[in-house]
Amino acid sequence: MSITIYHVSGTRSMRVIWLCYELDIPCKLETIDFAKKFRASPGWRAKSPTGKVPAMDDGALTMFESGAMVQYLLDRYGKGQLQPEPGTPAGALYLQWCWFAEATFARPLGDIAQHTLVREEKDRIQAVVADGQQRSRTCLEAIEAAVQDSHYLLERFTAADIMMGYSLMLAEKFGLITEDLPATEAYFARLKDRQGYQYAVSV
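Sequential numbering from 809 applies to the sequence shown in this note's numbering.
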């Protein structure tokens, strides 16, 4: 095992770092230069074709999608931890929430980020922000229902919560986790109390 995670603080790489912490998987962190010039360089594009982070090496294997890294590490090194048995109802719900966290919830959060932080002021569109906020609210209401009577998305802490933790971190940054979502507030507080989360956001 020789795992290197190419990392920028505050990005999706925190998911992979958090998982490695929870599973006690040794890994090397390499913080990269997130400047546009580096991200467009041939060397970086060889690891990450879109120029984004994270990327990960495990020996000769290179990967560039955070959710796929999480699942690969679980399957290869997790020894059945942090995921239900595949092909079971619990396994289906686990996959649902993993995909929801990125494919459904992170997308409107990304729109908000683009039009409040990333793009130049002249290129920002307030209507995109408003739409992203509305779609994010719908996602948060789904999470609220899921954790109303549960500490986590499933019966126990799983990597689906790690996937969701990054998206909730963004939602909190944008002021979207409000007092009228008390179960979600409590759920995210539980995630933030975990040492793995605290480590992943500190590096």
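Ideal Cβ positions, reconstructed from N, Cα and C, are used throughout, including at glycine.
Check, Outcome
"Meets three-Cβ-pair contact criterion under 8 Å: the segment 989-1000 and the segment 954-972", "yes"
"Bridge partners - K836, DSSP secondary structure assignment", "T812"
"Three-state secondary structure (DSSP) of T870", "strand"
"Own chain residues within Cβ distance below 6 Å of H923, not counting five before or after", "R932, I933, V936 and V937"
"Collapsed DSSP secondary structure at D841 in the structure displayed", "coil"
"C-beta contact flag for S810 and G867 at 7 Å", "yes"
"Integer-rounded CB distance, given that R820 should sit under 8 Å from P862", "6 Å"
"Cβ-based burial, D832 [other Cβ within 10 Å; buried from 16]", "exposed"
"For F913, the nearest candidate out of V926, Q891, S944 and G895 (CA to CA)", "S944"
"Host alpha helix (DSSP H) of V1009 (start-end)", "Q1003 to S1010"
"Pairwise C-alpha distance: A921 and E929", "12 Å"
"Expected contact under 8 Å - CB spacing of V816 and I840 to nearest Å", "6 Å"
"Outcome for F846 when other beta-carbon atoms lying within 10 angstroms are tallied against a minimum of 16", "exposed"
"Selected residue, minimal CA-CA separation from R884, among E952, T946, V1009 and C828", "C828"
"Bridge-paired residues (DSSP) for A1036", "Absent from the structure is residue 1036, since the part of the chain shown begins at 809 and ends at 1011."
"Cβ distance (whole Å) where A1008 is taken to contact M822 below 8 Å", "4 Å"
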